[in-house]
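Shown next, in structure tokens, is the structure this report addresses.
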Ligand code: FES
């Protein structure tokens, strides 16, 4: 007999329906919940679970409803798993309930749509707000637990445990529930995932262990609050244990906070094994130099010659942790080694910090180079750089100077010491480079600069989003005769049409992939080819570039600009989709 078929969603759903019916009855008959609410919630919750499970079990048998049943069950159990932590206060039957719910959710193989930028912000705000509130409350609970365990005054002792009891029911338990839900949504709705990165996985373990601790401390708080009504009652060992648990609770919450901020550990081994396409070319860091405050310049050399590149190109740098980051090449295209300049961003996701920790001799890998920021032919060039956005312009202006082209560079930074390459650029091109350190000079008058640009000037801009937005907004009026080229550090807010389902035909592999409205083209393609190259998943880096053979791409990336957005020969499937019902790809 093949027992694996019992792990299929339909039989598991039937098992869960029966279990939920029995669990609801057990909770309903159990008289010892700390508050009638938990007993009622458990009874109603399991009754609802039984009804939903039975309905979905029946729907699984009808192909037209099977997909809807699967989605319904996924959503239901994602809410129901943390809900059962509440039911634990009424009956221990919630333990096997959570295990069964988790098993069923895994069997349903959930896939989560990525949150949009606005949605991500809303959920992150909720998660941070709830977690911070929980952290503060835990400190208050620890203080009360210490007071209760140490005071000799009966009234204060009883009051401390009564307040803890009220806090526990009114705030701690809902906070546990909401923090887990919002954390799961943020993780699953973003590239972080739940088990892809060590720091997220550790946070998940902490998040799931806290409710377990909470069930112990809830019982103790309840017992102490009731017992200390009697002036002769002493908290004894239970009071001490409660204070220790509250301290542990607080320590775990702080650990989760530190993990969220520092994001240590990189990707998990299984995520690394899954890999993102080609591993890249192994290279060695042959030199590390401080280029400016918080900016390190690294030389990267391979065992053999590295691929040729042109000014404006960037590479993917695959770090030892598995993180992949994009950096513009800022050296000499004829040199045997690549050079990149990396700004240390303490509030970033850890990539720049890891780059800054690399020493000479460190082994990394590169992918690319790719170039979406090429020098076009133009009678004159205006470069507008902000901060580390100067990097791609270093080889670009050198190439233009060799050609004898007419160019000008305006470079804005925090201070001369923080502006990478400022000294070498002004020394080499004193008449063409204008430095604008914020600590000594006002913001450059971008409008005047653009108005003064000769006809058909190629305007290149790379820097913070606010600078790019300002130049983009000014171009139509101040420089309508010029053409703007931008290189972004991160995706901008996009106005897109509705996501509709379509089909992608992979011509080379003779496969047709259906792309539902709630999945990206890249995610659908990875189902049939997990080795596809990608990195940012935000339409910025260009790693996922794919050739289009037929059909019309709906470009939503931040790589193609101007008339290139009408191109029909290329698509960035991490964000872009098809116009119409079908697109044919060279895969
Ligand atoms: S993965 Fe970066 S553009 Fe698609």
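In full-length UniProt numbering, the protein residues as written are 1 to 587. All C-beta atoms in this analysis are idealised placements derived from N, C-alpha and C, irrespective of residue type, glycine included. Please read all numbers here as calculations on a predicted model, not as lab measurements.
- According to DSSP, residue pairing for residue 407 in a beta bridge involves 381.
- Within 7 Å of the C-beta of residue 538 there is at least one heavy atom belonging to ligand 1.
- Taking a C-beta distance under 8 Å as the contact criterion, residue 585 and residue 532 do not qualify as a contact pair.
- Note that the region 360-368 does not touch the region 383-392; fewer than 3 beta-carbon pairs, one per stretch, sit closer than 8 Å.
- In summary, residue 157 is buried, with 16 or more beta-carbon neighbours lying within 10 Å of its beta-carbon over all protein chains present.
- The alpha-carbon of residue 40 is positioned some 31 Å away from that of residue 233.
- If you draw a straight line from the Cα of residue 467 to the Cα of residue 413, it comes to about 11 Å.
- With a cutoff of 7 Å, residue 148 does not count as near ligand 1, since its C-beta is closer than that to no heavy atom of the ligand.
- Listed in chain order, the non-local C-beta contacts of residue 418 below 6 Å within the same chain comprise 292 and 293, local neighbours out to five positions each way being set aside.
- For secondary structure counted as the alpha helix (DSSP H) over 4 or more consecutive residues, the region 9-62 holds these complete runs in sequence order: 9-29 and 36-60.
- Between the region 326-339 and the region 296-308 there are three or more C-beta pairs closer than 8 Å, enough to call the two in contact.
- In this structure, DSSP gives residue 157 a helical state, which the three-state scheme calls helix.
- Here the alpha carbon of residue 327 sits roughly 34 Å from the alpha carbon of residue 110.
- Around the beta carbon of residue 509, fewer than 16 other beta carbons lie within 10 angstroms, which makes this residue exposed.
- The beta carbon of residue 123 sits closer than 8 Å to the beta carbons of 115, 182, 185, 186 and 189 from its chain, once the five residues preceding and following it are set aside; these are given in chain order.
- Between the beta-carbon of residue 50 and that of residue 24 there is about 6 Å, and that keeps the pair under the 8 Å contact cut.
- Looking only at 330, 549 and 104, the smallest Cα-Cα distance to residue 568 is reached by 549.
- Shortest gap from the CB of residue 436 to any heavy atom of ligand 1: 7 Å or more.
- At least one heavy atom of ligand 1 falls within 7 Å of the beta-carbon of residue 534.
- The beta carbon of residue 88 is closer than 8 Å to those of 94, 95, 211 and 215 in its chain, skipping five residues each way along the sequence.
- Here the region 279-286 makes no contact with the region 396-415; the two share fewer than three CB pairs at distances below 8 Å.
- In terms of CA proximity to residue 132, 253 leads the group 76, 253 and 37.
- Rounded to the nearest whole angstrom, the CA to CA distance from residue 447 to residue 377 is 23 Å.
- Secondary structure note for residue 93: it is in no alpha helix (DSSP H), with a DSSP letter that is neither H nor E.
- Checking the 7 Å criterion, the Cβ of residue 557 is within range of a heavy atom belonging to ligand 1.
- In the same chain as residue 20, and ignoring 5 residues on each side of it, the C-beta atoms closer than 7 Å to its own belong to 46, 49, 50 and 53, in chain order.
- Looking at the DSSP output, residue 326 bridges to 316.
- In terms of side-chain proximity, the C-beta atom of residue 56 is found no nearer than 7 Å to any non-hydrogen atom of ligand 1.
- With a cut-off of 7 Å, the C-beta of residue 497 is classified as distant from ligand 1, since no heavy atom of the ligand falls inside that distance.
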